[in-house]
Amino acid sequence: MTWSSFLNSSGPKILQILAVLVIFFGFYGIAFAAGARLQGKKQNVLALSLFLVPALILAMTGLGIPAVQTFIESFKNADSSKWVGFANYTRAFKDPDILLAFRNTMLWIIISPVVVTVLGLGLATMLNKMKREALAKSLIFMPMAISFVGGSLIWNLMYQYQEPDMNQTGLVGQIMKSLGIPLQHLLLWSPWNNLFLMAVYIWGTTGFGMVILSAAIKNIPQDIEEAAQLDGASGFTLFRRVTVPMVKTTIIVVLTTAMVGTLKLFDVIHTMTGGNFKTDVLSNRMFDEHFVYLNNGRGSTLAILIFLGVLPITYYNIRSLRAERKH
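Residue numbers (UniProt numbering): 1 to 327.
The following block contains the structure:
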């Protein structure tokens, strides 16, 4: 029986999984046994190859090859049967619906990461050294354990709208009614509905920023804070002149990570509005082009544009980390 026929057989999948595991561990067992007999540089080269080569193969298989294929598909028509050159890219910058998705994506990149970082830094500073700090942080971090789809369903219930003369079943609507604020169907209220969608992302991500920044704040040497206090710094002055400069690199990491998250955000938009009511973003539009309109060329083009948007953010993040290590 050949390897391909074995994989395509109707036998139990568990046997196929066990066979792959036996081959994997058998290969590494033989490699480690051979490596134990080597000495010096040869042993280091073998160890490096054993761990690096499989990782590179998996990265190329899961990321590299699909990325190249997507790039090629972006120059083809809807069913990938003909080359159309840069027509998909030209259309992406002329289509009003895609331009709306571009504008909304830029709003997400500008607003959400800044709010996440500011809230995370503020909470990390306030909760630092307080009693029952772990409990408070656990409660704030808890939304991170919920998927954005689950979080979107929760916030859909909170934003639920009823007619003004009826009892409001949504928490936000009831609060607005209690305060005498005119009721609105918040998810239909353009362009403000984009901000209400951002609230879901901020709610789910702030805990991450708080935990990362809190760890950085705790690593600030105590003698630096004490010296600043002896010089008369306290409160906001201590925060601005000591805390923020000392955790600057971590702030950049949280900010850029949140930016990348907003670029690939899909769950919140697709679950709550489906991109309707002028809330569409590039990631959701990419999904629609691929799986709703069945246009592989346009969908691949938007995927490449999102990738190009991620690159400078990632580069800046890496550059900042390297600069910090040099100092």
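Ideal placement from N, C-alpha and C gives every residue a C-beta, glycine not left out.
Bridge partners - residue i, DSSP secondary structure assignment
| i | result |
| --- | --- |
| W83 | K76 |
Close Cβ partners of residue i (< 6 Å) along its chain, the five nearest in sequence each way excluded
| i | result |
| --- | --- |
| N284 | F266, I269, H270, G275 |
| G209 | V116, T117, G120, V254 |
| T206 | V116, L119, G120 |
| L171 | M158 |
| G309 | L263 |
Distance between beta carbons of residue j and residue i, contact taken as under 8 Å
| i | j | result |
| --- | --- | --- |
| L188 | G173 | Not quite, the Cβ-Cβ distance comes to about 13 Å (not below 8 Å), so this is no contact. |
| M246 | I212 | The pair is not a contact, with the Cβ atoms about 14 Å apart (cut-off 8 Å). |
| A124 | I217 | 6 Å |
| residue 330 | S112 | It is not possible to answer for residue 330, since the shown part of the chain is limited to 1 through 327. |
| N193 | I252 | No, N193 and I252 are not in contact; Cβ-Cβ is about 30 Å, not under 8 Å. |
| A87 | L294 | Contact doesn't hold; Cβ gap of about 17 Å is too wide. |
| G85 | F71 | Rounded, the Cβ-Cβ distance is 14 Å, inconsistent with contact. |
| K278 | P191 | 6 Å |
| I313 | T256 | 5 Å |
| M272 | L197 | 6 Å |
| G64 | F148 | With a Cβ gap of about 27 Å, G64 and F148 do not count as contacting. |
| S214 | L127 | 7 Å |
| A228 | L238 | 6 Å |
Cutoff 7 Å; reference residue i; Cβ partners in own chain excluding five residues on either side
| i | result |
| --- | --- |
| E73 | S80, N296, G297, S300 |
| V281 | A101, N104, T105, W108, L265, I269 |
| I14 | none |
| L302 | A92, L282, R285, M286, E289 |
| I98 | A92, R285 |
| L18 | none |
| K82 | K76 |
| I304 | T70, F71, S74 |
| I181 | none |
| T250 | I212, L213, A216 |
Cβ-based neighbour list, residue i, same chain, cut-off 8 Å, excluding 5 preceding and 5 following
| i | result |
| --- | --- |
| K177 | P164, Q168, L183 |
| L7 | Residue confidence for L7 is low, a pLDDT of 49 falling below 50, so the modelled location carries little weight and cannot support an answer. |
| I110 | none |
| M130 | A136 |
| V68 | none |
| V200 | F148, G151, S152, W155, V268, M272 |
| residue 328 | What the structure shows of the chain is the stretch from 1 to 327, and residue 328 is not part of that stretch, so it cannot be assessed. |
Residue i CB to nearest heavy atom of the ligand ADP below 6 Å
| i | result |
| --- | --- |
| H270 | Ligands in the displayed structure: none, and consequently the ligand ADP is not present. |
(message) Under 8 Å: do the stretch 73 to 93 and the stretch 293 to 308 share three or more Cβ pairs, one atom per stretch?
(response) In this structure the stretch 73 to 93 touches the stretch 293 to 308; the number of beta carbon pairs closer than 8 Å is three or more.
(message) Taking contact to mean 3 or more Cβ pairs, one atom from each stretch, closer than 8 Å, check whether the stretch 109 to 117 and the stretch 258 to 265 are in contact.
(response) A contact between stretches requires three or more CB pairs, one per stretch, nearer than 8 Å, and the stretch 109 to 117 meets this requirement with the stretch 258 to 265.
(request) Mind the definition here: the stretch 144 to 156 touches the stretch 219 to 234 only if three or more C-beta pairs lie below 8 Å; say whether that holds. (result) With the cut-off at 8 Å, the stretch 144 to 156 and the stretch 219 to 234 do not touch.
(message) Assess contact between the stretch 237 to 247 and the stretch 154 to 164, defined as three or more Cβ pairs (one per stretch) separated by less than 8 Å. Is contact present?
(response) Judged by Cβ distances under 8 Å, the stretch 237 to 247 makes no contact with the stretch 154 to 164, as fewer than three pairs qualify.
(message) Does the contact criterion of 3 or more C-beta pairs under 8 Å hold for the stretch 129 to 141 versus the stretch 157 to 166?
(response) Three or more Cβ pairs closer than 8 Å define a contact, and the stretch 129 to 141 falls short of that threshold against the stretch 157 to 166.
(message) List, from N- to C-terminal side, the alpha helix (DSSP H) runs of 4 residues or more that fit wholly inside the stretch 170 to 209.
(response) Counting only runs of 4 or more, we get 171 to 178.
(request) Give, in chain order, every unbroken run of the beta strand (DSSP E) that is at least 3 residues long and sits entirely within the stretch 247 to 285. (result) List check, beta strand (DSSP E) in window: nothing returned.
(message) Please give the ranges of any alpha helix (DSSP H) in the stretch 102 to 151, keeping only runs that are unbroken, at least 4 residues long and fully inside the region.
(response) Listed in chain order, the complete alpha helix (DSSP H) runs (minimum 4 residues) inside the stretch 102 to 151 are 133 to 141.
(message) Quick check on the DSSP output: what are the complete alpha helix (DSSP H) runs of length 4 or more inside the stretch 214 to 239, in order along the chain?
(response) Runs of the alpha helix (DSSP H) inside the stretch 214 to 239: 222 to 230, 235 to 238.
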